[in-house]
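Take a look at the structure set out below.
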Amino acid sequence: MNHAAIYLAYPNAKMIDDSLGVFDANGNKIEIDQAAVDAAAIIVNRKNILDDAKFGRERAYRAEADPLFFKAQRGETTLADWLSKVEEIRNRFPYQE
13 MNHAAIYLAY PNAKMIDDSL GVFDANGNKI EIDQAAVDAA AIIVNRKNIL
63 DDAKFGRERA YRAEADPLFF KAQRGETTLA DWLSKVEEIR NRFPYQE
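Counting in the numbering used here, the sequence shown runs from 13 upward without gaps.
Written out as structure tokens, the structure reads:
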């Protein structure tokens, strides 16, 4: 079962057991509609991709772009070099919210 998609599709779901089913806070079984779960899975997948891209950008900015920015401030490289690196990172980890 896609737990994240079920929780998104059924906000009242509090417990999921792959063999027993989905239950609310009172222990009542929730009958799930697979089409609703499939639609929610698309949203969950998109969010995961977006989160991965944001995380990748953050790491790359810190490791690659930030040092170039500080070098540019000291006159050891140009701002154009830094901007080029920022653009490269954006292309490597694309996303749109």
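All residues carry an ideal CB built from backbone N, CA and C; glycine is no exception. The model shown is predicted, which means the values in this text are computed figures rather than measured ones.
For residue i, which option in the options has the closest C-alpha, if you only look at C-alpha atoms?
| i | options | result |
| --- | --- | --- |
| N103 | A16, V49, A65, I18 | A65 |
| A48 | N14, F67, K83, A75 | N14 |
| E99 | N40, Y73, I55 | Y73 |
| D45 | I101, L20, G39, K83 | L20 |
| Y22 | I42, N38, S31 | I42 |
What number of angstroms, rounded off, separates the C-alpha of residue i from the C-alpha of residue j?
| i | j | result |
| --- | --- | --- |
| F81 | A16 | 39 Å |
| Q85 | F67 | 26 Å |
| L91 | R69 | 19 Å |
| I101 | V56 | 24 Å |
| D29 | Y107 | 34 Å |
| D63 | N38 | 33 Å |
| F105 | W94 | 17 Å |
| K59 | D50 | 14 Å |
For residue i, which of helix, strand or coil comes out of DSSP?
| i | result |
| --- | --- |
| Q33 | Contrary to the premise, residue 33 reads as Gly rather than Gln in this sequence. G33: strand per DSSP, three-state reduction. |
| I44 | coil |
Between residue i and residue j, which are expected to be in contact by the criterion C-beta below 8 Å, what is the C-beta distance as a whole number of angstroms?
| i | j | result |
| --- | --- | --- |
| V113 | I18 | Outside the displayed span of the chain (13 to 109) sits residue 113, for which this structure offers no information. |
| D36 | A52 | Contact doesn't hold; Cβ gap of about 17 Å is too wide. |
| A75 | K97 | So it is not a contact: roughly 10 Å between Cβ atoms. |
Give, in chain order, every unbroken run of the alpha helix (DSSP H) that is at least 4 residues long and sits entirely within the stretch 45–94.
-> 46–72, 78–85
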